[in-house]
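K.L.:
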Amino acid sequence: MHGTLDRRTNMPVMSVSIKGVRYDRALIDTGFSGFLAVDFDIGSQLDLRTSGPEKFARSAGGGAPYRDAFVDIEWFGQIRNVHVVVWQEVRTDLAKLVIGVGVLIGYVLLVDFNEGVVTVIDPSLAAINR
């Protein structure tokens with residue numbers, strides 16, 4: 545799977561399909577230990593069944609309200625049911641959704657800052673190409 549490096553911010557972005565809807569700008573955030581975070585607008589569009597509200601601590605201090613849900617995403621041609629945080633503050637100037645480390649565990653993330661290319665590799669497929 546391939547994405548790009550946003551040249552203005554040097555942040556990796558790629559597309560992801562959630563419940564069959566393709567989103568072209570998902571921010572890959574290796575500082576987010578969860579699976580997926582979306583803003584309230586996307587949560588409403590996808591008609592997510594949420595629980596909550598809950599609050600979690602932010603690195604900048606204070607708490608942020610969120611709701612929990614589970615959602616199907618397409619990942620390497622397979623459907624995965626992952627935990628999603630529906631949060632009003634996900635919206636950035638780059639993306640309205642964030643892919644966290646939980647989705648990336650078991651895969652290889654390569655970010656080429658020289659060429660501006662982001663690649664996620666299934667290690668079982670990478671072994672074939674060695």
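If you use our numbering, the sequence shown corresponds to residues 545 to 674, in order. The beta carbon of each residue, even a glycine, is placed where N, CA and C say it ideally should be.
On the DSSP letters alone, give me the boundaries of the beta strand (DSSP E) that I586 sits inside.
P.N.:
Stepping through the sequence shown from its first residue, residue 586 is reached at position 42. Per DSSP, I586 belongs to no beta strand (DSSP E); it is in the alpha helix (DSSP H), 584–589.
K.L.:
So what does DSSP say about S668, is it helix, strand or coil?
P.N.:
The residue given as residue 668 occupies position 124 in the sequence shown. Correct three-state label for S668: helix.
K.L.:
What does the alpha-carbon distance come out to for the pair R611 and G660?
P.N.:
Within the sequence shown, numbered from 1, the residue matching residue 611 stands at position 67. Within the sequence shown, numbered from 1, the residue matching residue 660 stands at position 116. Those two C-alpha atoms are separated by around 34 Å.
K.L.:
In this structure, what does DSSP give as the bridge partners for T663?
P.N.:
Position 119 of the sequence shown holds residue 663. Note: T663 sits in a beta bridge opposite H546, L654.
K.L.:
Under 8 Å between the Cβ atoms of M505 and M545?
P.N.:
For the chain, the structure presents residues 545 to 674; residue 505 sits outside this window and is missing.
K.L.:
Going by other Cβ atoms of all chains shown within 10 Å of its Cβ, with 16 needed for buried, is V565 buried or exposed?
P.N.:
Here residue 565 is taken as the residue at index 21 of the sequence shown, counted from 1. When all chains shown are included, V565 counts as exposed.
K.L.:
With contact counted as at least three CB pairs below 8 Å, one residue from each stretch, are the region 650–657 and the region 580–588 in contact?
P.N.:
These segments do not touch.
K.L.:
Following the continuous alpha helix (DSSP H) through L648, name the residue where it begins and the one where it ends.
P.N.:
For the purposes of this step, residue 648 is taken as residue 104 along the sequence shown, with counting starting at 1. It spans 645–648 - the alpha helix (DSSP H) in which L648 sits, taken as one unbroken run.
K.L.:
Around the Cβ of D573, are there at least 16 other Cβ atoms within 10 angstroms (buried) or fewer (exposed)?
P.N.:
Reading the sequence shown from its first residue, position 29 is the one you call residue 573. The residue in question, D573, is buried, as its Cβ has 16 or more Cβ neighbours within 10 Å.
K.L.:
Between the Cα of T594 and those of G650, W631, V662, spot the shortest distance and give me the residue it belongs to.
P.N.:
Counted from its first residue, the sequence shown places residue 594 at position 50. Closest by alpha carbon: W631.
K.L.:
State yes or no: is the C-beta of L571 within less than 8 Å of the C-beta of A613?
P.N.:
Looking up residue 571 in the sequence shown gives position 27. Looking up residue 613 in the sequence shown gives position 69. No.
K.L.:
I think L592 touches V560, with their Cβ atoms under 8 Å apart; what is that distance to the nearest whole Å?
P.N.:
By one-based count along the sequence shown, residue 592 stands at place 48. By one-based count along the sequence shown, residue 560 stands at place 16. Going by Cβ atoms, the distance from L592 to V560 rounds to 15 Å, so no, they are not a contact pair.
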